[in-house]
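Going by our numbering, the sequence shown opens with residue 1, and the numbers climb by one from there.
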Amino acid sequence: MRLKKYQWKLKRREFLREIGAGAAIVAATACTSGKAITSQKTEKKQYGMVIDTRRCIGCHACTVACKSEFDVPLGVNRSWVEYTEKGNYPAVQRTFLPRLCNHCSDPPCVKVCPTGATYKREEDGVVVVDPDICIGCKYCILACPYDARFLNELTGAADKCDFCLHRVKQGLVPACVNTCVGQARIFGDINDPGSAVSQLLAENAVTVLRREMGTRPNVYYISADHADETDAEYQNQYVSVQTNRKFAKRR
Ligand code: SF4
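Here it is as structure tokens:
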């Protein structure tokens, strides 16, 4: 009898748990207020970005805003825009690919850092560098498959995009998002089903850079042209990638 009562209690508890989870999902789907949805969430935050290349006009406003926000030295960038020219005359086209750190869920830069200066923040998944701990060994710069890092000559430490954490902490969006004239960059919590980024991810086919590297990037692209010079070799067409990065080929 006692066992039966316990089993009933257990079933009831499971049932209530299911109902609770269901209610949370319904609330998340139906509610349009990000604040209300946040209260229903159980998962940790993971900040990310969706870049809708259809809206990018290659103006570099984001590049300049980022440079200005962090006083980035000449010749290096935390964020930048690549131009891809593809095709044979007269069927040619130019597309744009905004770039930044992907704040990977499995970041190789973190694994190689000998001092722990580079780490992924528990609270929001942003990959950061502590310049006070960094010894400037450049391991992370080589390990990043996206060429997202550089050695900042002013600090002597590795540097890269941090999603403008100083702004985000104050409820603002990153500088590049704020300045984008076409609203091509959309920032938010990927684990919040009510966020603009989550909705874009749900409604659009997206790609990430170099998926084969297994880094699980948190920057997603809509309608991106990922062509690089190697495509020219087998597609028998002209491909040129203009980037302000030091590597000739796209990384
Ligand atoms: Fe690290 Fe590069 Fe991934 Fe950024 S893009 S988290 S620097 S591996």
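Cβ atoms here follow ideal geometry from the backbone N, Cα and C, with glycine treated the same way.
- Here the residues close to ligand 1, judged by CB distance below 6 Å to any of its heavy atoms, are C101, N102, H103, C104, P107, P108, C109, V127, C144, Y146, A148, R149, K160, T215 in chain order.
- The alpha-carbon of A61 is positioned some 8 Å away from that of V181.
- The Cβ-Cβ distance between L97 and A224 falls below 8 Å.
- Around the CB of A202, fewer than 16 other CB atoms lie within 10 Å, so the residue is classed as exposed.
- Cβ atoms of Y221 and V206 come within 8 Å of each other, at about 6 Å.
- Non-local C-beta neighbours of A148 in its own chain, meaning closer than 6 Å and more than five positions away in sequence, comprise C101, K160, ordered along the chain.
- H166 sits exposed, since fewer than 16 C-beta atoms from the chains shown fall within 10 Å of its C-beta.
- The beta-carbon separation of C140 and A158, rounded to 5 Å, stays under the 8 Å limit for a contact.
- In the DSSP assignment, S240 falls within the beta strand (DSSP E) that extends over 239 to 242.
- A direct Cα-Cα distance of roughly 19 Å separates N152 from T243.
- Secondary structure at I141: helix, using DSSP grouped into helix, strand and coil.
- Contact between A184 and D52 holds, since their C-beta atoms are separated by about 5 Å, short of 8 Å.
- Each residue's CA atom was taken as its position, placing E122 and I133 some 18 Å apart.
- Counting only residues of its own chain and dropping the five nearest sequence neighbours on each side, R216 has a CB closer than 7 Å to the CB of C104, S105, D106.
- Residue state for K67 is assigned as helix, using DSSP reduced to three classes.
- S79 counts as buried, since no fewer than 16 other beta carbons sit within 10 angstroms of its beta carbon.
- With a contact defined as Cβ atoms closer than 8 Å, F163 and P174 qualify at about 5 Å.
- Counting of Cβ neighbours within 10 angstroms places T115 among the exposed residues, the total staying below 16.
- Burial state of S198 is buried, judged by a 10 Å Cβ sphere holding 16 or more other Cβ atoms.
- For R55 and N178, the gap between their C-alpha atoms comes out near 14 Å.
- Taking C-beta separations shorter than 7 Å and ignoring five residues to either side along the sequence, the partners of A227 in its chain run T84, K86, V239, following chain order.
- Within its own chain, the residues whose Cβ lies closer than 7 Å to the Cβ of I135, once the five positions on either side in sequence are excluded, are T115, listed in chain order.
- Under the three-state reduction of DSSP output, K120 falls in the strand class.
- Residues of the same chain with a CB within less than 7 Å of the CB of V110, apart from the 5 flanking positions on each side, are T118, Y119, K120, V127 in chain order.
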